[in-house]
Amino acid sequence: MYFGNAQGLLTYDGKYWQQYKLPNRQIVRSVLAAPSGIIYTGGFGELGYWSYKNDKLTYTSLTKLVPKTNLVKDEIWKICSDGKKVIFQSFSTIYIYENHKITAINSSKPFLFLHQVGKRFFVEVLSSGLFELQGEQLIPLKGSNPTNSTDVLSILPYRDNKLLIGTSKDGLFLYDGQTFIPFNTAANNFLKTFQLNNGVKVLNKYYAYGTILNGLIIIDEQGNIVQQINKSSGLQNNTVLSLYADQDQNLWAGLDNGIDRIELNSPLYFYFDKTGQFGTVYSSLIYNNTIYLGTNQGLFYSPWVSGKNTFNSFDFKLIPHSQGQVWELTVIDGQLICGHNNGTFNVRGNKLEKISSANGGWTIKKLDDGQECLIQGTYNGLVIYKKDARGIWRYHNKVANFDAPSRYVERDAKGDIWVSHAYKGLYKLTLSPDLSRVISTRIYNEKNGLPDDYNINIFKIENNLVFSSDKGFYVYDDISNRFKNYAELNKALKGFSTANKIISAGKSKYWFINRGKMALAHLQETGQLSIDSNRFNILDGRMVQYYENISKISDNIYLISVDDGFVIYNGNNRPENLKKQDLPLVLIRKIEDITDTYQVLSEIGNRDTKMQIPYSRNNIRISYALPYYRQAKIKFQYFLEGYSKQWSEWSTASQKDFTNLSKGNYTFRVRAKINDQVLPQETSFEFQVLPPFYASNWAIAFYVLCGIALFIAAKRLYELKLKRDQEAIAKKMQAEKEVFLKKETEANERQIIKLQTEKLQVELAGKNRELANSAMSLVYKNELLQKLSQEIAKLKDGNGKPLSEDQLRKIQKVIDEGMNDERDWHLFESSFNEAHESFFKKLKANHPDLVPNDLKLCAYLHMNMSSKEMASLLNISLRGVEIRRYRLRKKLVIPHDKNLVEFLMEL
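Start counting the sequence shown at 56; every next residue gets the next number (the numbering used here).
What follows is the structure, given as structure tokens:
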């Protein structure tokens, strides 16, 4: 639904109101919802349309298309359409928008208002009468003149192709295409008096007219007032500025301050005491064409006109001397009895006749025992009434021996009287035959099977006593003298099993009232119980708790007391079966981002493209509504594919928050049920939560590229590392090989050196042996030469004479030369140097003062020769050897404790 007001454009979907402002915050004077879904609006100097752009309702101005010679300079008051043609009307100009062009139509005088009847358009030109807009021409209506068509505020279709024309102060006229005939009815007088302001045809046979001064009326085709709706009937105020009838039998009223919806064909009609005239209503009843209201201020009455589609205008007045609390109104044997705080009265018209002074007549019932008696529960016990000679009910006696407050009183099949006490359970009383006193009293409480002692009330269903409690209904078992749970009834009543009151509604029908909520139950012949509470939801909490009152007017019509008035329920006006109605789909109205700050993502969930939501904003709220505007109990059930595993529980909640949604595709499905009847169709909304930036396609592509690059780099690094490792391994192997080779070389060298050393040692040993042999040979030679010298000295010639000294000297000389031959030494020295090449060098370097003989002695000592051998080689005596040794020690500066031979061998 779309509305224009001082703040802009209002939208309503049955649950949520949204407000949209025009660019310059103008007042929206006119609104038209085209079949295409485009919303046209007009304001001061502005005309245009609203449509969904980027998922939000957005305004587009059409003023740029207006011809410059006819610019919009005043308010746009009316908008009508015919196909693709849209007509905007101001007081000065009519603008026709078609095919993206605007044509302006002017008149020599100002216009009043444009009206549409089917495909015809009518407009009043001030002081000139009515004209019909045909194409781009204004054609005067035949018979129209300023006297019969002034201040025309409504033109509606009437039967036989006539028009029903409503004027501001002259009432209604019928126009047959030639003449204007006043529609003289009671409704016409009403509309003249309270100033007709607008009108609309409803239900194809009724007309609703709004007034400036007294709400609105609904009339039939004969002009009879079927219903009047004003502030007393529930309107927020009595000035009706606009009316609109939708396809679901709802009448919308734009008021001077607010918007009201009137449910046509509703089974409930309200009357409220907006002035506080009669206070809180405890009981109401219609008797002898008079409606009576028993309130906390007294008893009020007003005339009541019975009959189908008959309108009642109420004027309640207080019955004299009725001031005070009225508890009950009931009709018994054609007499209206009023139970009052100050006693009990017989009501006759607008007068009271007191029939009892017993205070607090809570409840009064007829005893079906053949005695023609009434029994009444009061503040202080029970009172008996009987008829006098004229047949008028009169006080007879108070029942003795019982003074407890008696709010509820019932008689059982055995004639015993049951009385409920608010805090002590139940009393079962046996009265004397003359009903004058109580002869037996028995108290029943929790010990006897009752759930508790508080608020146990007594009622009759099909002449059987039932007892209400906070834990359900109970029945009394006479055999066991105990109470037991009435399981069958409690199960059938469901939520009304804890009802605190039952009121008979006629044959096999009962009202069940559960702490402000009410339902109508019907006991069917099959034993089944049907219960209807949905149509009475609007009355929840409006009745006076614990003193609820419903009286029957006629078949299926009831009078229901509410705290500030009354309601008439007409069961004949049952709403059309839901299966026969063109039921709407659930609308997904808003998708909001609630991650940190609230932001509207979309105002239309049913869209062709899938909404994409960034992962960083993955907390959303989805609001939905069912554009079903009649009074009903509407519940929703949702299911988010990709998130939920099953449908949610049914709930009246119309929004749902989803937080921390994972990336992926989701489908939100929602369905509704009206009065527990599930609608066959569901609405879905698809959206996608995009992956986080680090998991997006670009990121994945980047990761792939990076992966490939990393792979290539890793491969290259691996190859480089492998190459380096191979080189390192090669180097290591080379180094190890070199080390090995080096070690092997060293080992070979050592082996070679060892072999060489061994060879040298062998050679040295051989040379030493040679040297020793040479030395020994020299020794031997010298020894031999010495022996030869000795032997030659002993030789004698052939004469036996010693040889001559000359001969001996020559021989001795040869021997001495042989013994002192330097060649032998040079040969020995050469051999010695080969074996001990550095010996003489070290010795000469350390002791340069050594002479050749000293060197010879050192060599012989190094070879560890004996003194004898050295004496032979040196050709000296042993004494000479010792002397030379001594001298050598001195030259060599050898300590006394050091052996000469060891010293020389260490060199």
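C-beta atoms are modelled at their ideal positions from N, C-alpha and C, and glycine is treated no differently.
Check: Option nearest Gln686 by Cα separation, candidates Ser524, Tyr299, Arg316 and Ile341; Outcome: Arg316
Check: Helix, strand or coil at Phe457 [DSSP, three-state]; Outcome: coil
Check: Residues sharing a beta bridge with Lys564, DSSP; Outcome: Gly561 and His577
Check: Cutoff 8 Å; reference Leu584; Cβ partners in own chain excluding five residues on either side; Outcome: Leu544, Ala547, Leu548, Ala576, His577 and Leu578
Check: Minimum C-alpha distance to Ser524 - residue among Gly98, Gly719, Ile273 and Ile557; Outcome: Ile557
Check: Three-state secondary structure assigned by DSSP to Ser922; Outcome: helix
Check: Whole-angstrom C-beta distance between Val121 and Ala159, which should lie under 8 Å; Outcome: 7 Å
Check: Own chain, CB closer than 6 Å to Asn343, minus 5 neighbours either side, in chain order; Outcome: none
Check: Proximal residues to Asn919 (C-beta, below 8 Å), its chain only, five neighbours per side dropped; Outcome: Val956 and Met960
Check: Neighbourhood of Ser339 by C-beta distance below 8 Å, restricted to the same chain and skipping five residues each side; Outcome: Ile346, Tyr347, Leu348, Gly349, Leu384, Asn604, Ser606, Leu614, Ile615, Ser616 and Phe621
Check: Distance CB(Ile439)-CB(Ile608) smaller than 8 Å; Outcome: no
Check: Among Gly69, Glu804, Asn60 and Gln73, the one whose alpha carbon lies nearest that of Ser85; Outcome: Asn60
Check: Tyr698 versus His170 - alpha carbon distance; Outcome: 52 Å
Check: Validate contact between the region 208–217 and the region 189–200 using beta carbons, cut 8 Å, 3 pairs; Outcome: no
Check: Alpha-carbon to alpha-carbon, Thr240 and Gln277; Outcome: 8 Å
Check: Candidates Leu843, Ile586, Leu947 and Ser886: closest to Ala900 by CA position; Outcome: Leu947
Check: For Gln806, the three-state DSSP class (helix, strand or coil); Outcome: helix
Check: Local conformation of His964 per DSSP, three classes; Outcome: No answer is possible for residue 964: it lies beyond the span of the chain, which begins at 56 and ends at 962.
Check: Residues of its chain near Asn632, where Cβ-Cβ distance is below 7 Å and the 5 sequence neighbours each way are ignored; Outcome: The predicted model places Asn632 with a pLDDT of 49, which falls under 50 and marks its position as unreliable; any figure quoted below should be read in that light. Within the same chain, Asn632 has no close Cβ partners at all.
Check: Buried or exposed (CB count within 10 angstroms, at least 16 for buried), Ser411; Outcome: buried
Check: Extent of the continuous beta strand (DSSP E) run through Asn10; Outcome: Residue coverage of the chain in this structure runs from 56 to 962, which leaves residue 10 outside it and unanswerable.
Check: Burial state of Lys634 (16 or more Cβ within 10 Å); Outcome: Caution applies to Lys634, whose pLDDT of 48 falls short of 50 and renders its modelled position unreliable; the model cannot decide the point.
Check: Three-state secondary structure assigned by DSSP to Leu5; Outcome: Nothing can be reported for residue 5, as the shown portion of the chain is limited to 56 through 962.
Check: C-alpha distance - Glu179 paired with Phe355, whole-angstrom precision; Outcome: 48 Å
Check: Best match in Ile236, Val381 and Ser361 for proximity to Gly334 [C-alpha to C-alpha]; Outcome: Val381
Check: Proximity to Arg590 [Cα-Cα], best of Thr800, Glu318, Leu656 and Asp780; Outcome: Glu318
Check: Segment contact flag, the region 220–229 with the region 245–262, C-beta cutoff 8 Å, min 3 pairs; Outcome: yes
Check: Secondary structure, beta strand (DSSP E): runs of 3+ residues fully inside the region 360–423; Outcome: 381–387, 390–395, 398–403, 406–411 and 418–422
Check: Coarse secondary structure for Met960, derived from DSSP in three states; Outcome: helix
Check: Opening and closing residue of the alpha helix (DSSP H) in which His917 lies; Outcome: Pro907 to His917
Check: Exposure label - Pro322; buried when at least 16 CB within 10 Å; Outcome: buried
Check: Check whether Ala680 and Asp129 have beta carbons under 8 Å apart; Outcome: no
Check: Inter-residue Cα distance where the pair is Ile272 and Gly289; Outcome: 13 Å
Check: Within 8 Å, strictly: CB atoms of Leu962 and Leu912; Outcome: no
Check: When Leu102, Trp566, Asp595 and Leu229 are compared against Ser552, the one with the closest alpha-carbon; Outcome: Trp566
Check: Close-in-space but distant-in-sequence residues of the same chain around Phe694 (CB under 6 Å, 5 per side omitted); Outcome: Trp702 and Arg724
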